[in-house]
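Chains as they are written, first to last, in this note's numbering: chain X, -8 to 118; chain V, -8 to 118.
Just so it is clear, CB atoms sit at the ideal spot from N, CA and C, and this is done for glycine as well.
No experiment lies behind these values; they were computed from the predicted model shown.
Data block below; observations after.
2 protein chains.
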Amino acid sequence: MKYKSRQRDIILEQLKMVDCHPTADEVYIMVKRKLPKIGIATVYRNLEQLSKGGCIFKLDGDIKRYDGNIMRHFHYRCPQCERVFDLDIGKLESIYDDLSNESHKQGLEVKVEFVRICENCIENKGK
Amino acid sequence: MKYKSRQRDIILEQLKMVDCHPTADEVYIMVKRKLPKIGIATVYRNLEQLSKGGCIFKLDGDIKRYDGNIMRHFHYRCPQCERVFDLDIGKLESIYDDLSNESHKQGLEVKVEFVRICENCIENKGK
DNA sequence: TTCATAACTGGTAATGATTATCACTTTCAT
DNA sequence: ATGAAAGTGATAATCATTACCAGTTATGAA
């Protein structure tokens, strides 16, 4: 990320505009509207760089997803559609902070992810 | 898992014998010593079934790993070699239990994974 | 036991996300 | 203004996982 690039700027801008957590392919489709000639490899390259640089988060899973919101917040993943959603954990938050602080003292980083069937998948159950 | 199969029995047995967290391919190699004719598809099929049946754990990541130990315990993943190791979290444990209990009350399942460079990768740094 | 059938197997082809490669273009410090 | 380092886009390659299929095995009912 030594030089600046229009492609990278637009990828970051688009990712910050949405509140979902798109896959690389979904980012590619979003960015193509502004930069029709961009290649998928450029998208992967820049998503990787942006996440290594701390500008975005990479969410591991079967398919990787990316999050343009780097404020501390929480996610849940739907085990059916494999999508990731933001989550307000309310009073869980202070417990999480304890876990996080205590982990750091022990030289560990913590990764917490919640799992819950999403509303969409609950609705589509009858189908 | 309605019928029993020798292949599945041996996969489970081998997985319970080791304290590492092998990939499907590593399980394949292990099991091949006892069942030289087994196919890789059979290994994947049975690992999936065993994990859905709650006999083993599947650990998500770039490459999936499997754990034959279903007693409650904790893992850390090395971000360099991507291997997974067991971890004694000591006093973190009670905090984790709080988080877990409170999550369940809110209809969420929690997944916690720790991250730390493993000893092997620290040693090999100079190389 | 015999039989029907549902589950399981092994080999292999297909899939699909991600990475590597390469010739070309852009950026930027000097 | 120029040359080295970084970035790009097209496409081929990789590789973990899944799908498919013809043949085998397990199981329960007759």
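Boundaries of the beta strand (DSSP E) harbouring V/H66: F65 to R68, taken from the DSSP string. If you ignore the 5 residues before and after V/D10, its C-beta comes within less than 6 Å of no other C-beta in its own chain. Look at the beta carbons and you see the region 58 to 70 of chain V touching the region -1 to 14 of chain V: at least three pairs across the two are nearer than 8 Å. Around the CB of V/Y87, 16 or more other CB atoms lie within 10 Å, so the residue is classed as buried. Cβ neighbours of X/G44 within its own chain (closer than 8 Å, five residues either side excluded): M(-8).
Secondary structure note for V/E73: it is in no beta strand (DSSP E), with a DSSP letter that is neither H nor E. In its chain, beyond the 5 residues on either side, Y67, R68 and P70 have a beta carbon closer than 7 Å to the beta carbon of V/V106.
The criterion of a C-beta distance shorter than 8 Å is not satisfied by X/L41 and X/L78. For the C-beta of V/G98, the chain X residues within less than 7 Å are, from N- to C-terminus, R107. Chain V has no Cβ within less than 8 Å of the Cβ of X/I54.
The alpha-carbon of V/I1 is positioned some 26 Å away from that of V/E73. Residue burial is scored here from C-beta neighbours: V/P27 has fewer than 16 other C-beta atoms within 10 angstroms and is therefore classed as exposed. The three-state reading of DSSP puts X/D58 in strand, counting E and B together. When Cβ-Cβ separations below 8 Å define contact, X/Y35 makes no contact with chain V. Residues of chain V with a Cβ closer than 7 Å to the Cβ of X/V101 are, in chain order, V103 and F105.
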